[in-house]
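Beneath this line is the structure, given in structure tokens, with notes to follow.
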Amino acid sequence: MTQHRSVCALDCPDACSLLLTVEDGRVTRLEGNPEHPVTKGFACVKTYQYPKRQHHPDRLLYPMRRVSKKGEGKFERTSWEEALSVIAEKTKAIVDAFGGEAILPYSYAGTMGLIERDYPYTFFRALGASELTFGTICASTGGAGWEAVYGPQKLATPPEDIKHANLILLWGINSLRSNSHLTPFLKEARKNGAYIIHIDPYRNETSQFADEHWQIKPCTDAALALAMGKVILDAGLEDSEYLKAYASGFEEYKQACQEWTLERAAAYCGLDAERIREVSLKFAKETSFIRIGYGMSRNEGGGNATKAIVLLPALTGAWQQKGGGAMLSTSGAFPLNFGRYSGLDLKKQVRRINMNQLASALELKENPVKALFVFNSNPAAVAPDSSRIRQGLKRDDLFTVVLEHFQTDTADYADYLLPATTFLEHPDLYTAYGHYFLQWAEPVVSPAGECKANSWVFQQLAKRLKLKNNVFDWSAEDIAKDLLNSDHPFMQGISFESLKKDGFVKLNLPEAFRPYSKGSNFDDRKIRFAPAPRQLEFKEEPNTEYPLRLISPPGSHIINTSMGNIDSLLKAAGGEPQVIIHPNDAAKYGIKDGERHTISSQQGSILRKIWVSDATKEGTATALGQWWPKLSPDGKSLNDLTSERLTDLGEGSTFGNIVVRVS
Ligand SMILES: Nc1nc2c(c(=O)[nH]1)N[C@H]1C(S)=C(S)[C@@H](COP(=O)(O)OP(=O)(O)OC[C@H]3O[C@@H](n4cnc5c(=O)[nH]c(N)nc54)[C@H](O)[C@@H]3O)O[C@H]1N2
Ligand SMILES: Nc1nc2c(c(=O)[nH]1)N[C@H]1C(S)=C(S)[C@@H](COP(=O)(O)OP(=O)(O)OC[C@H]3O[C@@H](n4cnc5c(=O)[nH]c(N)nc54)[C@H](O)[C@@H]3O)O[C@H]1N2
Ligand SMILES: [Mo]
367 MTQHRSVCAL DCPDACSLLL TVEDGRVTRL EGNPEHPVTK GFACVKTYQY
417 PKRQHHPDRL LYPMRRVSKK GEGKFERTSW EEALSVIAEK TKAIVDAFGG
467 EAILPYSYAG TMGLIERDYP YTFFRALGAS ELTFGTICAS TGGAGWEAVY
517 GPQKLATPPE DIKHANLILL WGINSLRSNS HLTPFLKEAR KNGAYIIHID
567 PYRNETSQFA DEHWQIKPCT DAALALAMGK VILDAGLEDS EYLKAYASGF
617 EEYKQACQEW TLERAAAYCG LDAERIREVS LKFAKETSFI RIGYGMSRNE
667 GGGNATKAIV LLPALTGAWQ QKGGGAMLST SGAFPLNFGR YSGLDLKKQV
717 RRINMNQLAS ALELKENPVK ALFVFNSNPA AVAPDSSRIR QGLKRDDLFT
767 VVLEHFQTDT ADYADYLLPA TTFLEHPDLY TAYGHYFLQW AEPVVSPAGE
817 CKANSWVFQQ LAKRLKLKNN VFDWSAEDIA KDLLNSDHPF MQGISFESLK
867 KDGFVKLNLP EAFRPYSKGS NFDDRKIRFA PAPRQLEFKE EPNTEYPLRL
917 ISPPGSHIIN TSMGNIDSLL KAAGGEPQVI IHPNDAAKYG IKDGERHTIS
967 SQQGSILRKI WVSDATKEGT ATALGQWWPK LSPDGKSLND LTSERLTDLG
1017 EGSTFGNIVV RVS
């Protein structure tokens, strides 16, 4: 029996330090590392089940070649040698005949390890492949909203300081579910007297934990934030000195706030005017902290909404107070040397393909996509308008390679399906988006079967294609050393060797780290209040044909689709995917609790079990979590309903603003 340290590689702000017990080559126990100041000795409901996933009987163990029609998912075993040489030959033939842009990589955050997530792009950038807009499916709109206000590199109030806040707004985030290691810090703040408000159309465990829940109508957050701004301005509670030093475009912002009287905003958002007034005043007077989520930014007005919210701590100067400010992401603090290892230094001007528009990309007639390489992602399930994606994946003239742990819905369409290692089987380097620790993890068990790391596969292909770049000879440690090779003060005293020994290390932040207390990250240090955020009207508003807004927040027991085939988790999540409908809507449309109904949008329709509850806002259907389409009652993805339309800022996904009917 041996004990090992690792890092949870799932896409979550917490990037937990884990302790694993291994017996006879199998992980028999997983715990949160008690020594890590953010993990604090516990993991989450999903990660505790990871040993089951690791040793699951359905793990892919050998390279495989398709023997049925695309989508039917029948494969036969082949060798790495055969698979790699065919893939290399095909790739070369396609590049020669159609040019590099005919190749499209598609990946996201199946692992957050920098090496297995980003390094494969050296291969694609050396090939001159089409460039995927990495991140637009998830975080680009929130990020663009934040950076439009505060400049490049997102920073946040350190979680360790939140205990000093006395008003906390959990805004558009189900933090107990998707950022559960924030909870001990919230509890500490509450012990010190903090009051916590959850702002979310879906009442969930975070609402129950909070002192108060504002069940806001989805997609109306900008109106609420501007109305709060107006209350603060009308009461003269803005921090004039701070604003004089650091604000630009403030007059325009003031004008924008004037449009949102309390009464108008309360009616628009479905909230109580008097409470908005009281809380806005408290927000300005106390040490206030906002934890803002990404879920609320995934709609056509999400960039403006993010801007409106994150301007509030600037308006009141909250950044200057210990524990005050806001958190969207801490990711901008990691000053790593990102250029070479991901091939950014090789990047040519090539066609960009938005990862939310894979359906259309696969339909291009001019300059068509002829080869698709999928890794760390399950686009047949998670990307918008997925029935069209599945149609595209069926194309006979498309060569598809999928690197996976399991035979997902996407894998069913592969020509070659390659077995990938998990984070417990390969080394990797980790940053985080909910704290300031860098981490390194060594493999804990040997690879199952003939599984190989993504990085190995692309190095092998690079060799066969004779791509020139000595980065292709680097070991994981070489890559990590190059990444860490930075003379930024945050990296002072941090070396690969020390990280390897200790497993985790906090960035060398200044003693009292108060980001934005001395202005923004723009060169002029000004916080940009202009262009002022607006509450946008959308192309898709509820109407007589499609009367309900559909949102699809993370489910309690699954993380995207990564844990979507673990029976115990699926059982705990209710056994099948569910959509919550408000009792008044259920009565209106003759729907009873527990029935299965067809949910339709302009894009498509799916069959789902209905849960009638006022946990969802009236007028809003809440679909919980992304299930594997093939494990859903009709074999279809939730994303058969969603659209490729993009957000107002950052070219992001609009999962949160489609309109549907239930019948
Ligand atoms: N309707 C709707 N759709 C959504 C969302 C929503 O809220 N609503 N959320 C969106 C968001 S925020 C995101 S981030 C995306 C998530 O979308 P994805 O990033 O695609 O996440 P997963 O569905 O978890 O798929 C990750 C896959 O990577 C595989 N994987 C994990 N580690 C490795 C590895 O080391 N190597 C290889 N080769 N494979 C690996 C896993 O087995 C898994 O199948 O979904 C988006 N889709
Ligand atoms: N259990 C679990 N944890 C996860 C994931 C998962 O699938 N399952 N996914 C991971 C990923 S990829 C990401 S990106 C992160 C963060 O992912 P996010 O998408 O930010 O998810 P949440 O933090 O749950 O916050 C979304 C909350 O916002 C609410 N919401 C939706 N629309 C609106 C709106 O218009 N206004 C307001 N105010 N609220 C709205 C939803 O009801 C939900 O409760 O979570 C990660 N953690
Ligand atoms: Mo995400």
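For what it's worth, this note's numbering labels the leading residue of the sequence shown as 367, then goes sequentially.
Yeah, the Cβ is synthetic: ideal placement off N, Cα and C, and Gly gets one too.
Remember, it's a predicted structure, so these values are computed and weren't measured experimentally.
Three-state secondary structure assigned by DSSP to residue i
i: residue 912; result: coil
i: residue 729; result: coil
i: residue 660; result: coil
i: residue 924; result: coil
i: residue 773; result: coil
i: residue 376; result: coil
i: residue 794; result: strand
i: residue 345; result: Outside the displayed span of the chain (367 to 1029) sits residue 345, for which this structure offers no information.
i: residue 509; result: helix
i: residue 475; result: coil
i: residue 737; result: strand
i: residue 650; result: helix
i: residue 1031; result: With the chain running from 367 to 1029 in the structure shown, residue 1031 is simply not present.
i: residue 840; result: coil
i: residue 404; result: coil
i: residue 1011; result: coil
i: residue 426; result: coil
Which listed residue (the options) has its alpha carbon closest to that of residue i
i: residue 490; options: 966, 733, 827 and 931; result: 827
i: residue 711; options: 591, 405, 700 and 493; result: 493
i: residue 519; options: 699, 608 and 467; result: 699
i: residue 481; options: 1014, 741, 395 and 916; result: 741
i: residue 655; options: 663, 528, 991 and 717; result: 528
i: residue 606; options: 705, 680, 831 and 870; result: 680
i: residue 477; options: 928, 954 and 1025; result: 928
i: residue 872; options: 405, 810 and 470; result: 405
i: residue 905; options: 1024, 715 and 395; result: 1024
i: residue 459; options: 1021, 737, 985 and 839; result: 737
i: residue 907; options: 535, 586 and 574; result: 586
i: residue 855; options: 844, 876, 664 and 839; result: 876
i: residue 902; options: 916, 601, 411 and 584; result: 584
i: residue 562; options: 709, 649 and 663; result: 649
i: residue 431; options: 423, 424 and 440; result: 440
i: residue 420; options: 858, 931, 912 and 572; result: 931
Cutoff 7 Å; reference residue i; Cβ partners in own chain excluding five residues on either side
i: residue 1042; result: This structure gives no information on residue 1042, because the portion of the chain shown stretches from 367 to 1029.
i: residue 722; result: 502, 503, 749, 750, 1010, 1012 and 1019
i: residue 608; result: 683 and 686
i: residue 852; result: 701, 702 and 703
i: residue 935; result: 412, 415, 923, 924 and 929
i: residue 806; result: 795, 846, 865, 866 and 869
Proximal residues to residue i (C-beta, below 8 Å), its chain only, five neighbours per side dropped
i: residue 651; result: 603
i: residue 746; result: 752, 755, 756, 759, 774, 775, 776, 778, 779, 995 and 1003
i: residue 834; result: 492
i: residue 653; result: 530, 531, 532, 533, 684, 687, 688, 689 and 690
i: residue 676; result: 511, 512, 515, 516, 656, 658, 692 and 694
Beta-carbon contacts of residue i that lie in its chain and below 6 Å, excluding the five residues immediately before and after
i: residue 946; result: 977, 979, 981, 982 and 988
i: residue 899; result: 588, 670, 673 and 674
i: residue 413; result: 374
i: residue 596; result: 623 and 626
i: residue 450; result: 826
i: residue 959; result: 978
i: residue 379; result: 545, 799 and 800
i: residue 559; result: 532
Beta strand (DSSP E) segment containing residue i, residue limits
i: residue 565; result: 561-565
i: residue 988; result: 986-989
i: residue 490; result: Here residue 490 belongs to no beta strand (DSSP E); instead the alpha helix (DSSP H) covers 486-493.
i: residue 785; result: 782-785
Continuous alpha helix (DSSP H) stretch holding residue i: start and end
i: residue 967; result: Run containing residue 967: none; DSSP gives neither H nor E here.
i: residue 691; result: It is not in any alpha helix (DSSP H) - residue 691 instead sits in the beta strand (DSSP E) that spans 691-693.
i: residue 825; result: 820-830
i: residue 1028; result: Run containing residue 1028: none in the alpha helix (DSSP H); it sits in the beta strand (DSSP E), 1024-1028.
i: residue 418; result: 416-420
i: residue 748; result: 745-748
message = Suppose only complete runs of 3+ residues qualify. What are the beta strand (DSSP E) ranges in the segment 554-614, listed by chain order?
response = DSSP runs (the beta strand (DSSP E)) wholly in the segment 554-614: 561-565 and 578-580.
key: Runs of alpha helix (DSSP H) lying entirely within the segment 529-553, each at least 4 residues, in chain order   = List check, alpha helix (DSSP H) in window: 541-544.
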